Structure formats: C-alpha cells, structure tokens
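Asker:
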Amino acid sequence: MILIKESKFHYQKRFLIITILFCISITNAQIQKGMATYKSKHPEIDVVDPTKKPSHTRDQIKQSIKTADELIDFNLVFNNKKSLFYKQDKIYTNLDRITRTMINASYSGTYYSDIEKNEKLRVVTFSGETFIANINKNLLWKITDTTKVILGYTCYKATLLKKNTRTKEYNTIEAWFSKEIPYYFGPLEFNGLPGLILELKLNPKQTIYCTSVQLQSKKNKLLTKPTDGKHIESLAELNKIAQEVMHQKRKKQTKK
Numbered sequence: 183m184i185l186i187k188e189s190k191f192h193y194q195k196r197f198l199i200i201t202i203l204f205c206i207s208i209t210n211a212q213i214q215k216g217m218a219t220y221k222s223k224h225p226e227i228d229v230v231d232p233t234k235k236p237s238h239t240r241d242q243i244k245q246s247i248k249t250a251d252e253l254i255d256f257n258l259v260f261n262n263k264k265s266l267f268y269k270q271d272k273i274y275t276n277l278d279r280i281t282r283t284m285i286n287a288s289y290s291g292t293y294y295s296d297i298e299k300n301e302k303l304r305v306v307t308f309s310g311e312t313f314i315a316n317i318n319k320n321l322l323w324k325i326t327d328t329t330k331v332i333l334g335y336t337c338y339k340a341t342l343l344k345k346n347t348r349t350k351e352y353n354t355i356e357a358w359f360s361k362e363i364p365y366y367f368g369p370l371e372f373n374g375l376p377g378l379i380l381e382l383k384l385n386p387k388q389t390i391y392c393t394s395v396q397l398q399s400k401k402n403k404l405l406t407k408p409t410d411g412k413h414i415e416s417l418a419e420l421n422k423i424a425q426e427v428m429h430q431k432r433k434k435q436t437k438k
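With our numbering as the guide, the letters of the sequence shown map in order to residues 183 to 438.
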C-alpha cells in the first residue's frame with residue numbers, strides 16, 4: 183500500500199513538472215515577434231575643411247546634426263526569421279534647411295533581412311524611383327567575453343572589419359548584443375550574432391543605440407518582403423545610381 187502511494191506521488195510530481203515545462207514552451211513559442219527602437223549619436227563631429235567654410239557655418243552644421251540625432255528614431259521589427267529596420271515617419275516643423283537635409287539623409291532607406299532564406303535587401307528611393315538592392319554578405323564577427331549592461335540586459339561585445347566603399351579603407355564595427363534576447367538581428371544591415379544588437383558603433387563618430395525593446399506575440403504586418411521597385415544586384419551598383427542622381431541634382435542647381 184505504501185508503494186502505491188509513493189508511485190502516485192511521484193506520478194503527480196512528474197505530471198506537474200511536465201505541465202509547467204509545457205506551459206513555458208508554449209509561452210516562449212508565442213513570444214516570437216518584437217520591436218526595438220533606436221537613436222543615433224555623433225559624439226565627435228568634424229565638419230569640412232575650415233579653410234573652405236566660415237566658422238559660423240561649421241557651427242550651424244554641427245548643431246543641425248545634433249538636432250537631427252535628438253529628433254530621429256528608428257524601428258527594428260523582427261521575429262524568429264525576419265527583420266525590418268527603418269526610420270520612423272514624423273512631421274518636422276520649424277526646422278532650418280540644413281537640419282531638414284540632415285534628417286532626410288540620415289540612414290535613408292529600409293533594410294530587410296531573412297535569415298532562413300539567407301536574404302538581405304536595402305530599399306531606397308531616389309528622385310521618385312524606388313530601388314531594391316541585394317546587399318547580402320557574410321559578416322565575420324569576432325565575439326569577445328567583454329560584457330556590459332544595456333537596458334538591463336547583459337551584452338557581449340563583437341567586432342567586425344568592414345571596407346568603406348568610398349575610401350576603400352577598413353574600419354572596425356563594434357556591436358553589443360544580448361543572448362537574453364535570442365534574435366539574430368540589429369540596425370541597418372548588421373545581423374548574424376546570437377542575440378539582438380542593442381548598440382552599434384559604426385566608427386568613432388557614429389553610434390546607433392537602443393532605447394527600448396518590446397517583445398509581444400501579436401503578428402506584425404510590417405514584416406513582409408519589399409517587392410515594389412527596380413531590383414539591383416549589388417550595393418556597389420546602388421551606390422553608382424546614388425552618385426549619378428546627386429550629380430544630376432548639382433547640375434540643375436548650377437544652371438539655376
């Protein structure tokens with residue numbers, strides 16, 4: 183009789199443990215979508231050759247960059263497989279021309295990533311025409327044991343060497359990601375780390391940092407692959423198009 187009671191007790195205990203683990207797995211399965219909000223900052227700003235611009239113009243540009251950093255917010259929406267990074271749409275009033283230019287030029291376009299299909303796209307609009315560029319490239323991250331806390335999450339430092347398409351020089355990208363948020367995404371085209379990137383240092387003068395993270399189970403309609411636009415095979419080709427658009431704009435301004 184005692185043996186029967188003990189077996190029932192162990193059976194009930196085992197059933198309770200299995201039930202708890204099942205509930206936890208269901209909860210984790212539901213939390214598959216989220217959104218992180220980011221801002222950018224330029225702690226050190228060098229503005230053109232001082233021999234070519236008066237000091238008051240340089241000061242105005244620096245102030246415009248600072249104002250743009252304070253006003254702009256970026257969103258990163260993601261699930262287990264896909265992500266979309268974009269600048270929030272806002273209405274800006276009472277801003278000078280230089281500040282409006284800084285806001286419009288700041289990280290223009292949308293970045294889409296699908297890790298299951300190994301696909302990465304950048305969507306940009308020039309002079310009313312939309313282009314969808316294939317920017318997929320393996321990122322060779324070097325993960326370190328260095329840690330710091332961001333928004334209450336323990337983050338690990340990872341570094342990456344990236345070639346500047348304009349100067350042809352390499353600079354070090356520094357990312358801080360958290361394994362506590364197990365999604366392989368981050369700002370712009372940077373992803374592939376075993377956790378969400380909460381801070382991204384592009385160079386000594388540019389940093390993108392996370393201000394909030396929301397995890398929810400609701401379906402996010404924004405996570406759809408961009409299809410409306412002219413498809414471009416590489417980032418280099420997209421850069422050529424951008425340079426040509428800028429060249430045409432300068433020609434028109436010169437004629438005026």
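Cβ coordinates follow ideal geometry from the N, Cα and C atoms, glycine included.
Predicted model only: the values in this text are computed from it and were never measured.
Please classify ALA418 as buried or exposed, where buried requires at least 16 other C-beta atoms within 10 Å of its C-beta.
Answerer: Within the sequence shown, residue 418 is the residue found at index 236, counting from 1. Exposed, since its Cβ has fewer than 16 Cβ neighbours within 10 Å.
Asker: Helix, strand or coil: which one does DSSP assign to GLN214?
Answerer: By 1-based counting over the sequence shown, the position of residue 214 is 32. In this structure, GLN214 counts as coil in the three-state DSSP scheme.
Asker: In angstroms, rounded to a whole number, what distance separates the CA positions of LYS422 and GLY411?
Answerer: Residue numbering aside, residue 422 sits at position 240 when the sequence shown is read from its first letter. Residue numbering aside, residue 411 sits at position 229 when the sequence shown is read from its first letter. Roughly 17 angstroms between the two C-alpha positions.
Asker: May I have a chain-ordered list of the beta strand (DSSP E) segments no shorter than 3 residues that lie completely inside the region 296 to 332?
Answerer: 301 to 308, 311 to 316 and 324 to 332
Asker: Give the range of the beta strand (DSSP E) segment to which PHE359 is assigned.
Answerer: Numbered from its first residue, the sequence shown carries residue 359 at position 177. 352 to 360 is the span of the beta strand (DSSP E), which, as asked, contains PHE359.
Asker: For THR336, tell me which candidate among GLU311, LYS345, ALA357 and LEU370 has the shortest Cα-Cα distance.
Answerer: In the sequence shown, residue 336 corresponds to position 154, counting from 1. The shortest Cα separation from THR336 among GLU311, LYS345, ALA357 and LEU370 belongs to ALA357.
Asker: Considering only their Cβ atoms, is the gap separating PHE367 from LEU321 smaller than 8 angstroms?
Answerer: Taking the sequence shown and counting its residues from 1, one reaches residue 321 at position 139. Taking the sequence shown and counting its residues from 1, one reaches residue 367 at position 185. Their beta carbons are not under 8 angstroms apart, which means LEU321 does not touch PHE367 by this criterion.
Asker: Below 8 angstroms between beta carbons: does that hold for VAL305 and PRO408?
Answerer: By 1-based counting over the sequence shown, the position of residue 305 is 123. By 1-based counting over the sequence shown, the position of residue 408 is 226. Yes. Within cutoff.
Asker: According to DSSP, which residues form a beta bridge with LYS344?
Answerer: Position 162 of the sequence shown, counted from the first residue, corresponds to residue 344. Note: LYS344 sits in a beta bridge opposite ASN353.
Asker: Within the same chain, show all residues whose beta-carbon is closer than 8 angstroms to that of ASP327, passing over the 5 residues directly before and after it, in chain order.
Answerer: As a first step, residue 327 is located in the sequence shown; it is residue number 145 there, counting from the start. Cβ within range, chain order: TYR338.
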